[in-house]
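Data first, discussion second: the structure below is written as structure tokens.
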Amino acid sequence: MSNSSTIADHCSVFGLSDSKDNDWNEECDHTHTDKCEDCCLLDHTLAEIEVILKDNDEMTEDIRLRHLTLFNQQRNLLYEWKKTSTKTFCHVFNNCLQNSTTVISILEDVLKRIKFDHPEVETAYIIRDNAGCYHDSETLLAVKALFDSTGIFIRRIDFSEPQAGVNALHIG
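Quick note on the working numbering: the sequence shown kicks off at 18 and runs consecutively.
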């Protein structure tokens, strides 16, 4: 990721720009002419899967259409997920305690903003880094209240290992 990557998927200016909102749209001062081998591999793999589904003679047309519909939905979700690597919310405080009340307030604000910008979002998966190593149940107990105030259901909260930099995304 950089502000001036010639690879569109790796350009933070391009990735953070919203073509629907002039306040959040910025033109790049460079062109996106290069390709990322890993990103191309993903595109190629998805294209191969689509061809296999379309050309499979062992399925009825009804089953093929169902599989293609599911595949297209999942591919779209994958590309939407890929975009999230460049989406960031920043909360700046002059002074605050690093505790559950702060975490819950930030979560509520972020979820409300997401719901406002994308009303179709119904579910969230949260990853916490346990900064400050505080452990309390208030954040977990707030899940129902957060759903009531935002309309987004928190399906899962993953906690990183304190001070170790390990989280659910790193476990493979």
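Cβ atoms here follow ideal geometry from the backbone N, Cα and C, with glycine treated the same way.
Enumerate, from N- to C-terminal direction, the unbroken alpha helix (DSSP H) stretches of 4 or more residues contained entirely within the segment 74 to 161.
78 to 100, 117 to 134 and 155 to 158, all fully within the segment 74 to 161.
Rounded to the nearest angstrom, what separates M18 and C53 at their Cα positions?
Within the sequence shown, numbered from 1, the residue matching residue 18 stands at position 1. Within the sequence shown, numbered from 1, the residue matching residue 53 stands at position 36. The straight-line gap from Cα to Cα measures roughly 12 Å.
Relative to the C-alpha of E125, which candidate in C56, H108 and Q90 has its C-alpha closest?
Indexing the sequence shown from 1 puts residue 125 at position 108. Minimum Cα distance to E125 is reached at H108.
For I131, which residues from the same chain have a beta carbon less than 6 Å from its beta carbon, with the 5 sequence-adjacent residues on both sides left out?
As a first step, residue 131 must be located in the sequence shown, where it is residue number 114. V138.
What residues are listed by DSSP as bridge partners for S19?
One-based indexing of the sequence shown puts residue 19 at position 2. BP columns for S19 point to C28.
Kindly indicate which three-state DSSP category I169 falls into: helix, strand or coil?
Along the sequence shown, read from residue 1 onward, the residue named residue 169 stands at position 152. Three-state DSSP puts I169 in coil, outside helix and strand.
Between the C-alpha atoms of T156 and P136, what's the straight-line distance to the nearest angstrom?
The residue given as residue 156 occupies position 139 in the sequence shown. The residue given as residue 136 occupies position 119 in the sequence shown. Those two C-alpha atoms are separated by around 24 Å.
So what does I174 bridge to, in DSSP terms?
Counted from its first residue, the sequence shown places residue 174 at position 157. According to DSSP, which records beta bridges pairwise, I174 is partnered with I143.
Quick check: what's the CA-CA separation for H61 versus F110?
As a position in the sequence shown, residue 61 is number 44, starting the count at 1. As a position in the sequence shown, residue 110 is number 93, starting the count at 1. Roughly 44 Å separates the two Cα atoms.
Is C45 helix, strand or coil when you go by DSSP?
Translated into the one-based positions of the sequence shown, residue 45 becomes position 28. C45 falls in the coil class under three-state DSSP.
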